[in-house]
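First comes the structure, then the notes that go with it.
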Amino acid sequence: MTRLPHSPSRRLLLAGALAAASAAVTGCSSDTGTSPSGGAKRLRIGYFAFPSGDLLVKNKRLLEKALPDHTITWIKFDSGAGVNQAFLGRSLDIAALGSSPFARGVSGSSPIPYKVAWILDVAGENEALVVRKDTGVSDVAGLKGRTIGTPFASTSHYSLLAALEIAGLEPADVKLVDLQPQAVLAAWQRGDIDAAYVWLPTLDELRRTGTQLTSSKETGGAGRPTLDLAVVSDDLIAKDPGAIDAWRKAEAEALRLLTSDPEGSVEAVAAELGISTADARAQLKQGVFLSPEQVASADWLGTDGRPGKLLTYVTDTGRFLADQRQIDVAPSEDVVRKAFYLKGLSRAVA
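Count the sequence shown with mature numbering (1 follows the signal peptide of the UniProt record, and there is no 0) and you get residues -23 to -1, 1 to 327, in order.
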């Protein structure tokens, strides 16, 4: 298989991470737990403009109500690569993160100091590969020689590589372009790219003038599942574990609201994304949302003392990324296991 160039090392990314983190959280010191003035505690939470329970927690101020003595700051990111860089710069305490960038983050000799502590959703039809209708391409194999945009180091990038492999193509058989979701849409509208693998809400914009070839639901069914996780910094675990307990309970409440109050959930997502309730309803239907009890089970994240099947999913993802030369060395199962934070998980879903 043709190998892709090595990605920049984590050490080389650190300078950029510090700059990005400084821009994202102006005026914050690197210490977790208290404000720069030594007053109220704080939480800096990274999120995506993507339909999930995270948006309900933010919109309904569930965490602010649970932690009135904390200052909660929500910071929007475009992809997992930015989240990883911000954690390197110690500018985040909690964040949404795809399973693929998480596998990258825990690889190498200097893993990012964070641990997975929750599962937001399982990627389904909410991430997909779409081709322009005017190309005449009708299947993934037909993309040979074509230009495909996707955010590198994301779950979409991972699923795209998996889709190409399933179709018998190597990465060198196509031209891959690193584009964030909004840049994907702009490139699509200009005709600079033939296809794109991306997530909602940008995905729905592409579907209007394109043809869907495959989705993360299909690549997952073929043995390459991707998930939207949530990670917490090692500093937060050491200094404010009670905040993690409260945050988990808020996320668990949000997952329950998706089922018990679907219309209220639709309205919250629509408000956060600035879209119609009809669009929000359609987008939520494309995700796979677990119940809190499923999250805290052996089938998914795990129990208080033992990782669940997510351990295998992340380990397999790391091996695939190493084979594709997206990372230098795949993290071992033991390394991945140490990147789980399960203490208190059962209390969050009780």
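Glycine included, each C-beta is placed from N, C-alpha and C at the ideal position.
In this text the structure is predicted, and so the values were computed from the model without any measurement.
Simplified DSSP state of residue i, which is helix, strand or coil
{"i": "W176", "result": "strand"}
{"i": "T203", "result": "coil"}
{"i": "T236", "result": "helix"}
{"i": "A37", "result": "Residue 37 is actually Lys in this sequence, not Ala. Reduced to three states, the DSSP call for K37 is coil."}
{"i": "L288", "result": "helix"}
{"i": "S309", "result": "coil"}
{"i": "V326", "result": "helix"}
{"i": "I221", "result": "helix"}
Burial state of residue i, where buried means 16 or more other Cβ atoms lie within 10 Å
{"i": "T191", "result": "buried"}
{"i": "P45", "result": "exposed"}
{"i": "G126", "result": "buried"}
{"i": "T236", "result": "exposed"}
{"i": "R81", "result": "buried"}
{"i": "S193", "result": "buried"}
{"i": "G122", "result": "exposed"}
{"i": "G30", "result": "buried"}
Pairwise C-alpha distance: residue j and residue i
{"i": "L298", "j": "I221", "result": "30 angstroms"}
{"i": "K320", "j": "Y91", "result": "14 angstroms"}
{"i": "L153", "j": "V312", "result": "30 angstroms"}
{"i": "D305", "j": "D238", "result": "45 angstroms"}
{"i": "V2", "j": "I52", "result": "At V2, the pLDDT of 41 sits below 50, so the modelled position is not reliable; the number obtained from the coordinates is stated separately. Their Cα atoms are separated by approximately 8 angstroms."}
{"i": "L74", "j": "D205", "result": "6 angstroms"}
{"i": "K286", "j": "I214", "result": "23 angstroms"}
{"i": "S76", "j": "L250", "result": "23 angstroms"}
{"i": "D300", "j": "D293", "result": "11 angstroms"}
{"i": "L39", "j": "D169", "result": "42 angstroms"}
{"i": "E228", "j": "L162", "result": "30 angstroms"}
{"i": "L203", "j": "A248", "result": "Note that residue 203 is Thr in the sequence shown here, rather than Leu. If you take the alpha carbons of T203 and A248, they lie about 27 angstroms apart."}
{"i": "A231", "j": "P158", "result": "25 angstroms"}
{"i": "G23", "j": "E240", "result": "25 angstroms"}
{"i": "T48", "j": "A144", "result": "48 angstroms"}
{"i": "W277", "j": "G119", "result": "35 angstroms"}
{"i": "A199", "j": "P269", "result": "26 angstroms"}
{"i": "R258", "j": "A130", "result": "28 angstroms"}
Chain B contact for residue i (CB, 8 angstroms cutoff)
{"i": "E310", "result": "This model lacks chain B altogether; it includes just one protein chain."}
Between the segment 172 to 190 and the segment 273 to 282, do three or more beta carbon pairs fall short of 8 angstroms?
no
With three or more beta-carbon pairs closer than 8 angstroms as the criterion, would you say the segment 67 to 74 touches the segment 255 to 266?
no
Decide if the segment 87 to 105 is in contact with the segment 52 to 59; the criterion is three or more beta carbon pairs, one per stretch, under 8 angstroms apart.
no
Length-filtered (4 minimum) alpha helix (DSSP H) runs lying within the segment 117 to 171
132 to 143, 158 to 167
May I ask you to verify whether the segment 100 to 107 touches the segment 169 to 176, counting CB pairs closer than 8 angstroms and requiring at least 3?
yes
Contiguous alpha helix (DSSP H) assignments of at least 4 residues, all confined to the segment 50 to 76
57 to 65
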